[in-house]
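Heads up: the sequence shown begins at 1 in the UniProt record's numbering, then just goes up one per residue.
Glycine included, C-beta positions come from ideal geometry on N, C-alpha and C.
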Amino acid sequence: MTNAQRPIRILAVDDHPMLREGIAAVLSGEPDMELVGEAGNGREAIESFRACRPDIVLMDLQMPEVGGLEATVQIRREFPSARIIVLTTYTGDVQAVEALRAGAQGYLLKSSLRKELLDAIRTVMSGKRRIPPEVAAEIAEHSVEGALTAREREILRSVAAGNSNKMIAAQLGVSEETVKTHMKSILAKLGANDRTHAVTIALRRGILVF
Numbered sequence: 001m002t003n004a005q006r007p008i009r010i011l012a013v014d015d016h017p018m019l020r021e022g023i024a025a026v027l028s029g030e031p032d033m034e035l036v037g038e039a040g041n042g043r044e045a046i047e048s049f050r051a052c053r054p055d056i057v058l059m060d061l062q063m064p065e066v067g068g069l070e071a072t073v074q075i076r077r078e079f080p081s082a083r084i085i086v087l088t089t090y091t092g093d094v095q096a097v098e099a100l101r102a103g104a105q106g107y108l109l110k111s112s113l114r115k116e117l118l119d120a121i122r123t124v125m126s127g128k129r130r131i132p133p134e135v136a137a138e139i140a141e142h143s144v145e146g147a148l149t150a151r152e153r154e155i156l157r158s159v160a161a162g163n164s165n166k167m168i169a170a171q172l173g174v175s176e177e178t179v180k181t182h183m184k185s186i187l188a189k190l191g192a193n194d195r196t197h198a199v200t201i202a203l204r205r206g207i208l209v210f
């Protein structure tokens with residue numbers, strides 16, 4: 001087989017063995033694709049990339065030890081031409097934007113793996129980006145909004161855990177008024193009616209991930 005006909009070499013990274021098995025099964029029937037490695041977390045992904053130099057990495061976002069975003073950043077820093085497709089359960093725009101900023105060329109929902117995985121691999125291999133239409137629509141809808149600051153995310157995460165403003169203020173060592181000011185900013189940025197609505201929006205968009 002000449003280099004032009006060489007199969008696309010793929011590294012699958014996910015902390016769930018069954019998902020990696022599912023990917024292997026989908027790829028097994030494709031003569032132009034070859035699964036050359038697997039990894040269960042971001043640290044293993046970086047090591048595996050160095051060892052097998054795949055054409056495409058299928059990278060889960062939420063993993064133990066080293067997450068997918070950090071692994072993507074490290075791989076792209078060491079290998080600038082690396083092509084990475086992020087796999088996630090989250091349709092939210094925030095996770096997608098963070099993945100693209102980290103250097104990923106594709107973003108694929110795990111719910112559509114069987115239907116869209118092969119096309120996504122070939123699209124990214126050809127030098128194009130691949131983002132699901134529903135995620136692209138979310139990105140476009142929220143592109144002009146101000147992003148939550150790290151402190152605002154911290155406060156919203158604490159709200160999601162059921163804490164009152166008074167409790168959050170005590171945890172962070174700030175005044176209750178400061179927390180209220182942050183909450184007012186959070187509600188405005190998210191277009192939320194109240195605290196519960198803000199948490200719901202943040203979970204849907206991937207601003208909060210548990």
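Name the two residues that bound the continuous alpha helix (DSSP H) containing residue i.
i, result
"residue 215", "As shown, the chain starts at 1 and ends at 210. That puts residue 215 outside it, with no answer to give."
"VAL73", "68 to 78"
"GLU152", "150 to 160"
"MET63", "Where MET63 is concerned, there is no enclosing alpha helix (DSSP H), given that its DSSP letter is neither H nor E."
"ILE131", "Taken as a continuous stretch (DSSP letters only), ILE131 belongs to no alpha helix (DSSP H), as it is neither H nor E."
"ARG53", "Taken as a continuous stretch (DSSP letters only), ARG53 belongs to no alpha helix (DSSP H), as it is neither H nor E."
"GLU38", "Counting along the chain, GLU38 falls outside any alpha helix (DSSP H), though it belongs to the beta strand (DSSP E) covering 33 to 39."
"LEU208", "Looking at the DSSP string, LEU208 is not in any alpha helix (DSSP H), and its letter there is neither H nor E."
Quick one: is residue i near chain B, going by C-beta distance under 8 Å?
i, result
"LEU148", "The chain labelled as chain B is not found in the depicted structure, where only one protein chain is given."
Our contact map puts residue i next to residue j with C-beta atoms below 8 Å; I'd like the distance itself, whole angstroms only.
i, j, result
"ARG76", "GLY40", "Not quite, the Cβ-Cβ distance comes to about 20 Å (not below 8 Å), so this is no contact."
"ILE56", "VAL124", "6 Å"
"GLU138", "GLY92", "6 Å"
"ILE186", "ILE155", "7 Å"
Here's the rule I'm using: 16 or more other beta-carbon atoms within 10 Å means buried, otherwise exposed. How should residue i be labelled?
i, result
"ARG20", "buried"
"GLN5", "exposed"
"MET59", "buried"
"SER48", "buried"
"ALA24", "exposed"
"VAL144", "Its pLDDT being 49, under 50, VAL144 is placed unreliably in this model, and the value from its coordinates should be taken loosely. VAL144 comes out exposed."
"THR149", "exposed"
Over what stretch of residues does the beta strand (DSSP E) that includes residue i continue unbroken?
i, result
"THR88", "83 to 88"
"MET183", "No beta strand (DSSP E) contains MET183, which is instead part of the alpha helix (DSSP H) from 176 to 190."
"VAL199", "No beta strand (DSSP E) contains VAL199, which is instead part of the alpha helix (DSSP H) from 195 to 205."
Roughly how many whole angstroms lie between the Cα atoms of residue i and residue j?
i, j, result
"ARG204", "MET33", "34 Å"
"GLY67", "THR88", "12 Å"
"HIS197", "GLU65", "32 Å"
"LEU108", "PRO133", "10 Å"
"TYR81", "GLU177", "Per the sequence shown, the amino acid found at residue 81 is Ser instead of Tyr. Computed Cα separation, rounded: 48 Å."
"SER158", "VAL179", "11 Å"
"GLU70", "LEU118", "25 Å"
"GLY22", "LYS115", "12 Å"
"ALA120", "ASP15", "21 Å"
"GLN62", "ASN163", "25 Å"
"ILE168", "VAL26", "47 Å"
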